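Just so you know, the protein sequences line up as chains A and B, in that order.
Note that the first sequence ends on residue 860 in numbering that gives the first Met the number 0; no numbers are left out.
Note that the second sequence ends on residue 497 in numbering that gives the first Met the number 0; no numbers are left out.
A virtual CB, placed ideally from N, CA and C, is assigned to each residue, including glycine.
Keep in mind that this is a model prediction, so the values were computed, not measured.
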Amino acid sequence: MKPFLDLFSQNDFSLIAVVLLMPLLGAFVNGVFGRRLGKQAVRMMALSAVGVSFAAAIATFIALDSAVDAAHTAHGEAAHTKLSWLAWEWMRVSGPNGSKIAIDLKFSVDALSGVMMLVVTGVGFLIHVYASEYMREDKGYWRFFCYLNLFIFSMLVLILGDSLPVLFVGWEGVGLCSYLLIGFWYGKLPNAAAGKKAFIANRVGDFGLIVAMFLLVVYCGALDWDGIQRHANDLVVTSDRPGPIHLWPIGGGKFEDYVIAGIRIPLHNLQPDKPWTITAATAVGLMLFLGATGKSAQIPLYVWLPDAMAGPTPVSALIHAATMVTAGIYLVCRLSFVFVLSPAAMIVVAFTGAATALLAATIAVVQNDIKKVLAYSTVSQLGFMVLGVGVGAFTAGFFHVFTHAFFKACLFLGAGSVIHAMHARIHDEERSQDMRNMGGLRRYMPLTYGTFLASTLCIIGFPGTSGFFSKDEILARVLIETPTGVKLANGAAPWQWPSWAPWLLWGMGVVAATLTAFYMMRLVFQTFWGDFRGWTIGRPSQLSKSHHDDHGHAEDEDAEDGDHHHHDDLSQPGPPPHESPRSMTIPLLILAAAAIVAGIFNPAAIKLVVSTFSFLPLEHWLDPVFSDAARGITLADHHTAHTRELVSTFGAFTAFAAGSGLAYWVYVKEKGKPAREMMLKVPRLYKLALEKWRVDEAYDKTVVSGVDALADTAASVDQGIIDFVLARLTALVVAATGTVLRVIQNGVVHVYAAVMVVGVLALGWFFVQPHADFTVVEQDGDYTLQAGPGPGYEFRWYPDATKEPQTKDFSETDNLKVHIADGKSQTVKLEVKNAFGRVGSKAFTITRPAQPAGAAQIREQ
Amino acid sequence: MALAFILSPLLVIGAGALLLMLAEAFGPKHNRTAGLALGCTIVFGAGFAFSVGAWLYGVEDVAEKELIVPWLVIDRFSIFFDGLLCLGGAIAALLAGGYLREHEMERGEFYSLLLFSTVGAMMVASAGDALIVFLGLETMSLGAYALTAFRRTSPRSAEGALKYFLLGSFAAALLLYGFALLYGATGHTDLAGIGEAVRAGGPHKTMIIVALVLVLTGLVFKVSAVPFHMWAPDAYEGAPTPATTYMAAVVKAGAFAMLLRVMLTCFTEKGLMSWSAGWPPVLAWIAVLTMTVANLVAGQQESVKRMLAYSSIAHAGYLLVGVVAAARSMPEATSSVLFYLLTYTVSTAGAFGALILCGRKGAEAVTYEDLAGIGRRHPAAALAFSLFLVSLAGIPPTAGFFGKWFVFRAAMDSGFYLLTIIAFVNSVIGAYYYLRVLVFMYMREPAAGAPVATPMKSGYVAAALILSAVLVLILGIVPSQSLDVAIKAASIFGPPGG
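This is the structure:
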């Protein structure tokens, strides 16, 4: 639409400011005045803020589309086009080699960030609508929407930032909001702990991101996307400085053997003879990916995400499923041109993704908490996305981000709707989320069931749905695309992937997809099919003694929720579960519809759809963004690619059919009997999977306790040495000196004047006193001595201090050249006479080392 | 006409001062001081507006400015200072409007003195002749002496003013003697001419060095550098707080303008600029002494106002670090000094303003104990005070951070690593006493029965604080534009030795 482009120029597209700042305004108003405004006003503010932001995002996107078209016509081919808006120039700092690095608060929208922007504001808006009903009874309503709006703002900063530092601001901002929202019901200890866990796990990732920024400053001298892209090739330099990175396994370079009492301790074996040398591209890639594993919940930092489900369900849907957790994948896509330089970093990315997909799927199979299953399924799906970008299929990986946002948001909101209904009966957080208490809900909640089923079909890859296209695309691309990197500066090829790697990755992906189909259908069958099992739950006879003990403090926490109808009569079976109100079901319907149709943005699907639809499929749309990355990716030849695509599609379809068929057999045909038998047959394996392979416990035993020990040591050093000796002692010295100096300030004006006189005399003395000083510069044994100038100074040089001066009288000559032979030393002396006729002198002994190129050693006499 | 325009800041303030005197004399009988504070603020605001106008108009192409050379040199540097001094004056005038009325000592001459003294400061900043420097200096100082003594019923006020006057006259005499010797040695009174003659050398080297010592003493006295600072705490504490604000912000800025202009115009001969025997090492020693002594003593004060007085001395030390760096890399380091002055002016004026806000007649905020628990009782006042103290301590995202950052970076770029480290250590010591106020405001409760400060209500003071707070935040978050202005203002000084 041209009007927007006419209104705002491409380089100053200030409509972006509206997209960004509306949520911030909402957060501000709700945060500062929300408590007094009342729920209706808070709701109004929050919804309109995100709604306006969404509308502006659509307008921006349309403008971007026409700008892309314009560029297309102008260049004859698709070019990378973006709309940018400079908020302000923040600062300029000196970079390496005298370059200047501009750190500006600049935002931009291109094809990649444009799609993300639409998803975040669009899905965000729907979830806001949903949450305004879901959270209706909560006392902290205003606080919730303040955080939620602030989250949207931070996420938009993350996406739209035009440089790493701006992205980092958003990155930290979403981390903060996530922390605040996970611990939203902070009165409950597990929630607060989950919030902290998320924050700390993310800090580990942030460390990687910061290190990557430092490396990029050193190697590329830029932090904005265009700058990094321009200088990306500098990351594979082979020159000396800043060259490739040498890593010693234990750090600190080589060790010498240590001889004690005649026994030689072979310390040199500790280190290999040579360091591992990696290119800077690998280092930057791995460090960026460490950041991505934190946000996108990949091994080893995924542990926070399942715990994060302690937050309110809309939060889980928005932050921990649809948007924030994809930030890591967005980062990899955004800097794809850096990643493709290093196949070594890419294989780490790909295998981490595949392993995460598989591991999380195995855990999800045995969980009973509806949100836990969805949480692990999120981790697993994120693994798929990472696998996709890891093999260089950035479009496919990002496409899965796009489709996943819809169906996973819908799934979580559906789960929320179920919990909402269950909670009305059971009033217990844990049991209202337990699938064993559900069943048959499709009769009572048809809308929820319908949308939930639709999204489930998407996630398990039912043919024709969006998930089918996006997940299969990833699996097919694993076989077709291989990152091969670019040639290093010295012409050598970088390290290459072994040929079995794609097949192994594909195998892991297919197994994970099978498991996905199984556990998702298990979820549907257990929740919505069969008979309702919750009739008896909640009766006093069911509330065992031990249960009361476990939740003995539930009373006062419930007051925190503002949920006061907990004391109704539980002796009667309550009314059947009811469908949720309209403001909750409408978002569900929209999301489910979007989830189903989102697949048509895929090129494979476009063939099925009538070609009269005039929109660009996602792949062509994103092509310019990833065109630079394409040079580091090798595609299989056309024939092989076609065969492998068929193989992969077959494999994926089999995975879907086998997984869901198995679930149908186990949970519908046999009513869960095989599962129970299995459980009894391998109880330890079952328990281990139920306890999430005890990864948390392993972390506790190793990393956490290690850090604890370090912290204890540091604390005792701090208390014993820093606080006691350093701080007290310094404070004492400072205080004592201050007190002494204060005595001089005694209020007697004579003393003041006297001090001034002393000051004047000291100044005078400095100028009357001659200051002989010179610097020495050496070149091939010729030493040039340059005397420091002074007011009215005259100089007399002694090339050899023991002999006669060079000239008899003082002169203006302020430098002296002497030649000193190898290994000899000589004392040189300078006398200066100042304007007052006073003479001062300074002597140096210059020693020239035996090596011809050695620097001069200067010793002062 | 163009000449009138580029001189307009000076003319507006001068004319405003005269008008204000008339307004008071012929004002309504029952309330002579009505509207004077507002009028004074408007005059300062007009001065600021005209400075901005002159800046945007540009002075490089105005041929008429040669008519007043060498007496007044109107360039980017002087216009920058015109704006800065008017800004500081405006904040001081707003504070006076609230403070003087609250403490029932509002008399019209305060505002006239404020304006006349500022005229002096602006003259100093644009002076191109030693005599004009002296004239401006005395105009500025006489106003400041009178403002210090303005609390007529308070013996401390009179004592502080007398000390300030005595020592100030002493320093002014030294300065004048130095200028006389320079005239004797070079035959010039205009600064540029003196500079040229000094660079050319000649038979009167000793005379020039003695003159340098005397001039330097006179200059550093005005910026209250150790050991010529002894007057400052007494005068600052004795003066009514708006006058203290004025001295800490405007007088100090004027003195730095003078220091930069005189030192970087007159004494640029190679030998005099030498790092081994010229004035930069002397100034470096003074800077080190100033920072260290002021910070150490400030930590020992019980009165918050006196602490802020010492803090203002310490800031002169940081600024001197920048001046020392300016001797080696002139325009860059000078621009950092100018930017620092800007950030320091808004931060320190805001801090004194917050101190004014925290007390009312009979319940003034004097000691740390008076402020105990004010964060809970009056969050807005405490928040404002915290912001300015944080800025003075140099913590982001406030103006003070970037001020320190640019000065320290200039010093590092010029190779003064040891000096920068000392300055760093000193700003750490400084953080101690600034944060101590925060500790008292937020983490202590007043002892039972102890007198506590009660914030006053005044639109003037609130306006001053809001203005300063906005500037502190803008300079701390978006420093680049103001920095560009400072760089442009400093560009009138060429590379060293030239």
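So which residues on chain B does R741(A) lean against when the C-beta distance must stay under 8 Å?
Here residue 741(A) refers to the residue found at position 742 of the first sequence. Correct list: V296 and Q299.
Can you tell me the Cβ-Cβ gap for A157(B) and A148(B), rounded? I've got them flagged as a contact below 8 Å.
In the second sequence, the residue the question calls residue 157(B) occupies position 158. In the second sequence, the residue the question calls residue 148(B) occupies position 149. Rounded, the Cβ-Cβ distance is 6 Å, consistent with contact.
Spatial neighbours of A16(A) within its chain, please: CB distance less than 7 Å, with the 5 preceding and 5 following residues excluded, ordered by chain position.
One-based indexing of the first sequence puts residue 16(A) at position 17. Result list for A16(A): W84, in chain order.
Just checking: is the beta-carbon of A16(A) within a distance shorter than 8 Å of some beta-carbon in chain B?
Along the first sequence, one-based indexing puts residue 16(A) at 17. No, A16(A) lies away from the interface with chain B (no Cβ there is under 8 Å from its Cβ).
When you compare the CB positions of M507(A) and A356(A), do they come within less than 8 Å of one another, or not?
The residue you call residue 507(A) lines up with position 508 of the first sequence. The residue you call residue 356(A) lines up with position 357 of the first sequence. Going by C-beta atoms, M507(A) is nearer than 8 Å to A356(A).
Within a Cβ cutoff of 6 Å, which residues of the same chain sit near I277(A), ignoring the five residues on either side of it in sequence?
In the first sequence, counting from the first residue as 1, residue 277(A) sits at position 278. The residues are I244.
First through last residue of the beta strand (DSSP E) which encompasses V775(A):
The residue labelled residue 775(A) in the question sits at position 776 within the first sequence. Segment F773 to Q778, the beta strand (DSSP E) holding V775(A).
Put P154(B) into one of helix, strand or coil per three-state DSSP.
For the purposes of this step, residue 154(B) is taken as the residue at position 155 of the second sequence. Helix, per DSSP.
I need the boundaries of the alpha helix (DSSP H) containing F411(A), first residue and last residue.
Sequence index remark: in the first sequence, residue 411(A) carries index 412 (1-based). Unbroken alpha helix (DSSP H) run through F411(A): F393 to I425.
Could you name the residues of the stretch 764-778 of chain A whose beta carbon sits closer than 7 Å to any beta carbon of chain B, in the order they occur along the chain?
F765, F766, H770 and D772
One or two residues paired with K105(A) in a DSSP bridge:
To locate residue 105(A), count along the first sequence from 1; it is residue 106. DSSP lists L85(A) as partners of K105(A).
If you measure from the beta carbon of T205(B) to each beta carbon in chain A, is any gap under 8 Å?
In the second sequence, the residue the question calls residue 205(B) occupies position 206. Yes, contact with chain A.
Unbroken stretches of the alpha helix (DSSP H), 4 residues or longer, contained in the stretch 273-305 of chain B:
278-297
Please report the straight-line C-alpha distance between G174(A) and N201(A), rounded to a whole angstrom.
In the first sequence, counting from the first residue as 1, residue 174(A) sits at position 175. In the first sequence, counting from the first residue as 1, residue 201(A) sits at position 202. Cα to Cα, the separation comes out at about 7 Å.
Let me confirm a value: K544(A) is counted as buried when at least 16 other C-beta atoms fall within 10 Å, else exposed. Which label applies?
If you number the first sequence from 1, residue 544(A) lands on position 545. Here K544(A) scores only 41 on pLDDT, less than 50, and its place in the model should not be relied on; the value that follows carries that caveat. With fewer than 16 other Cβ atoms within 10 Å, it is exposed.
Please work out which residues of its chain come closer than 6 Å, Cβ to Cβ, to I428(B), disregarding the five sequence neighbours upstream and downstream, and give them in chain order.
Within the second sequence, the letter at position 429 stands for residue 428(B). Here the set comprises N294.
Assuming L334(A) and V485(A) form a contact by the criterion Cβ under 8 Å, report the distance between their Cβ atoms to the nearest whole angstrom.
Here residue 334(A) refers to the residue found at position 335 of the first sequence. Here residue 485(A) refers to the residue found at position 486 of the first sequence. Contact flag wrong, Cβ pair sits at about 15 Å.
Pick from Y448(A), F143(A) and H74(A): whose alpha carbon is nearest that of G30(A)?
Taking the first residue of the first sequence as position 1, residue 30(A) is located at position 31. Minimum Cα distance to G30(A) is reached at F143(A).
Measure the Cβ-Cβ separation of A70(A) and T80(A) and say whether it is below 8 Å.
One-based indexing of the first sequence puts residue 70(A) at position 71. One-based indexing of the first sequence puts residue 80(A) at position 81. Yes, Cβ-Cβ distance for A70(A) and T80(A) is below 8 Å.
Mind pulling the chain A residues with CB within less than 8 Å of G277(B)?
Taking the second sequence and counting its residues from 1, one reaches residue 277(B) at position 278. What G277(B) touches in chain A: P788, G789 and P790.
Output needed for L93(B): all residues of its chain with C-beta closer than 6 Å, excluding positions within five of it in sequence on either side, in chain order.
Locating residue 93(B) in the second sequence gives position 94, counting from the first residue. Contacts found: T40, Y459, A462 and A463.
Say whether the stretch 118-128 of chain B touches the stretch 80-97 of chain B, bearing in mind that this needs 3 or more beta-carbon pairs closer than 8 Å, one atom from each stretch.
yes
Could you confirm whether any beta carbon from chain B is found closer than 8 Å to the beta carbon of G746(A)?
Taking the first sequence and counting its residues from 1, the one referred to as residue 746(A) is at position 747. Answer yes: the Cβ-Cβ gap between G746(A) and chain B drops below 8 Å somewhere.
Do we get a CB-CB distance below 8 Å when we pair T736(A) with the residues of chain B?
As a working mapping, residue 736(A) is identified with position 737 in the first sequence. True, the Cβ-Cβ gap to chain B drops below 8 Å.
Rounded to a whole number of angstroms, what is the C-alpha to C-alpha distance between G204(A) and F167(A)?
Within the first sequence, numbered from 1, the residue matching residue 204(A) stands at position 205. Within the first sequence, numbered from 1, the residue matching residue 167(A) stands at position 168. So the two alpha carbons sit approximately 12 Å from each other.
Looking at C-alpha atoms only, which residue of I312(B), D189(B), M290(B) and G159(B) is the closest neighbour of V424(B)?
What you label residue 424(B) is simply residue 425 of the second sequence in a count that begins at 1. If we check each option's Cα against that of V424(B), M290(B) comes out closest.
Between L762(A) and chain B, is the shortest Cβ-Cβ distance under 8 Å, so that the two count as touching?
By 1-based counting over the first sequence, the position of residue 762(A) is 763. Yes, because at least one Cβ of chain B sits closer than 8 Å to the Cβ of L762(A).
Which runs of the alpha helix (DSSP H) spanning at least 4 residues fall entirely within the stretch 715-747 of chain A, listed in chain order?
727-743
Element boundaries [beta strand (DSSP E), containing Y257(A)]:
Position 258 of the first sequence, counted from the first residue, corresponds to residue 257(A). From DSSP, the beta strand (DSSP E) with Y257(A) extends over Y257 to I259.
Tell whether a beta-carbon distance below 8 Å holds between G475(B) and V406(B).
Start at 1 with the first residue of the second sequence, and residue 475(B) comes out as number 476. Start at 1 with the first residue of the second sequence, and residue 406(B) comes out as number 407. Cβ distance not < 8 Å, so G475(B) and V406(B) don't count as in contact.
Within 8 Å, strictly: CB atoms of T333(B) and L218(B):
Working through the second sequence from its first residue, we reach residue 333(B) at position 334. Working through the second sequence from its first residue, we reach residue 218(B) at position 219. Against a cut-off of 8 Å, the Cβ pair of L218(B) and T333(B) comes out as no contact.
Counting only beta-carbon atoms, is G389(A) nearer than 8 Å to chain B?
By 1-based counting over the first sequence, the position of residue 389(A) is 390. Output row for G389(A): interface = no.
Using the Cα positions of A256(B) and A726(A), report the straight-line distance between them to the nearest angstrom.
Translated into the one-based positions of the second sequence, residue 256(B) becomes position 257. Translated into the one-based positions of the first sequence, residue 726(A) becomes position 727. Going from the Cα of A256(B) to the Cα of A726(A) covers about 39 Å.
Any beta carbon from chain A within less than 8 Å of I208(B)'s own beta carbon?
Walking along the second sequence from the start, residue 208(B) turns up at place 209. Chain A contact via Cβ: present.
Note down, one range per segment and in chain order, each alpha helix (DSSP H) of at least 4 residues found wholly within the stretch 293-365 of chain A.
303-306, 312-316, 326-333, 335-338 and 342-365
Any beta-carbon of chain B closer than 8 Å to the one on F344(A)?
One-based indexing of the first sequence puts residue 344(A) at position 345. Note that residue 344(A) is Ala in the sequence shown here, rather than Phe. No, no contact with chain B.
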